[in-house]
Amino acid sequence: MIRMPTAPQPGTGLRERKKIRTRQAIRRAAYRLFEERGFEATRVDEIAAAADVSPSTVFRYFPTKEDIVLSDEEDPIVEAALRARPAGEPPLASLREALRQTIEQLYASPEAPEEIARRMRLIATVPSIRARLHESVADTSGMLTRVLAERTGRRPEDLEIRVFMGAVLGGLTEAMLHVAEHHAEVDVVDVLDRALTVLQNGLAD
């Protein structure tokens, strides 16, 4: 999935709001240091000091340095949007609309465009982040598999669900890499829409 800044949502509890603020502080400090020193040269203890937290706190929120760029914060938003889609709607249509709504919501934050641009530059240029991207996208598969299995009346372990999710996750990974490589020239929603259209129609014109 495309990782973007997440603002506290209405009704979010105090504890969760503190967690979100801590994650944001760590990420913003990391991005500053990545730009100043480079990703590989920046140590986690330096990020922790810049964010005014301990190194253990950084690792609690982000198990690896790459996860600071690729953390999966939008899954609950996608899940809620998927569950809100009409019963009987084709899975790809439901997923397309859920992703569109999620991206529009996350882009609404004033600081989102610059933070997204930073993330895309890192994904495009840092090999370890690109390698971790495949694992990060796969982390989303459990949620999507569970929800789409429920919506289609299948079991998550059914072959049809596994094949469908493998195709979807592969498509989302390639879409994200395309956005990273051409970020200044493309629209995120359009890229995802094109990726899902290929899954639906193949390579037909």
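Here the sequence shown is numbered in full-length UniProt numbering, starting from 1 and rising by one per residue. Where is the CB? At the ideal position from N, CA and C, for every residue including glycine.
Where Thr125 is concerned, the enclosing alpha helix (DSSP H) starts and stops at 112-125. By the neighbour-count criterion, in which 16 or more other beta carbons inside 10 Å mark a residue as buried, Leu95 falls on the buried side.
Residues of the same chain with a CB within less than 7 Å of the CB of Arg85, apart from the 5 flanking positions on each side, are Ser94, Glu97, Ala98 in chain order. DSSP places Phe59 in the uninterrupted alpha helix (DSSP H) bounded by 55-61. The region 68-83 makes contact with the region 18-35; the number of CB pairs closer than 8 Å reaches 3 or more. Annotation for Ala167: Leu199 place their beta carbon closer than 8 Å to its own, counting only its chain and skipping 5 residues before and after. Burial check for Gly202: the Cβ neighbour count within 10 Å stays below 16, so the residue is exposed. Straight-line measurement puts the Cα of Phe59 at about 19 Å from the Cα of Gly38. Between the region 174-182 and the region 114-128, the count of C-beta pairs closer than 8 Å reaches three or more; the two stretches touch. Taking His183 as the centre and dropping the five residues before and after it, the same chain places the C-beta of Ala117, Met120 closer than 7 Å to its C-beta, in chain order. Linking Glu104 to Asp75 through their CA atoms gives a straight-line distance of about 14 Å. By the 16-neighbour rule on beta-carbons within 10 angstroms, Leu169 is buried. In this structure, the straight-line span from the alpha carbon of Gln101 to that of Val189 is close to 9 Å. Contact check for Arg23 and Tyr61: beta-carbon distance about 5 Å, within the 8 Å limit, so the pair qualifies.
In the three-state DSSP reduction, Val186 falls in the coil class, being neither helix nor strand.
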